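Numbering (the numbering used here), first residue to last: 79 to 215. Even for Gly, the Cβ is constructed at its ideal location relative to N, Cα and C. Quick caveat, the model's predicted, so the values are computed rather than measured.
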């Protein structure tokens, strides 16, 4: 096979899929990344991994990401989308939606190609423990 779908393990909150991404890159297997909004947590949902009991470490990460989002004036959804595409082996993302308004808002994320997340933000996030230390930018 030449592609896989990876769900909920490569986003701003959860990066457990890193080893899988490395393996796919070594084998030239393209990745479809889904769950980039952490089951809605990154777009304002009160659920994480489809559970309303959000662990404290996840709440802490969310708060730190929100501070970076505010500091750099980049919406959390834009951060999440661009992070989802950081590994070169990822060729598609799938975004879950709840209603027509969310579909329009998500489509607009792709229209705004001028808003790129600066490298400085990713490095600051990494220094705060929000991005794995072994990832090079």
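Could you give the DSSP three-state label for residue 91: helix, strand or coil?
-> Looking at residue 91 - three-state DSSP - the assignment turns out to be coil, as it is neither helix nor strand.
9 Å Cβ cutoff met for residue 208 and residue 139 = Yes. Within cutoff.
Ignore the nearest five residues each way along the sequence and tell me which others in residue 144's own chain have a CB closer than 7 Å to its CB.
-> 154
On the premise that residue 94 lies in contact with residue 87, defined as a C-beta separation below 8 Å, what is that separation, rounded to the nearest angstrom?
-> 4 Å
Locate the beta strand (DSSP E) running through residue 172, then write down its first and last residues.
-> 168 to 172
Specify, as a first and last residue, the run of the alpha helix (DSSP H) that residue 100 falls within.
-> Its alpha helix (DSSP H) spans residues 96 to 105.
Assumed close pair residue 116, residue 128 - CB separation to whole angstroms, cut-off 8 Å | Between residue 128 and residue 116 the Cβ distance is about 10 Å, and since that is not below 8 Å, they are no contact.
What whole-angstrom Cβ distance do residue 171 and residue 121 have, given they're in contact under 8 Å?
-> That belief does not hold up - the Cβ atoms of residue 171 and residue 121 are roughly 14 Å apart, past 8 Å.
Kindly indicate the opening and closing residues of the beta strand (DSSP E) around residue 108.
-> 108 to 112
In its own chain, which residues sit with a C-beta less than 6 Å from the C-beta of residue 160, not counting the 5 before and 5 after it?
-> 195
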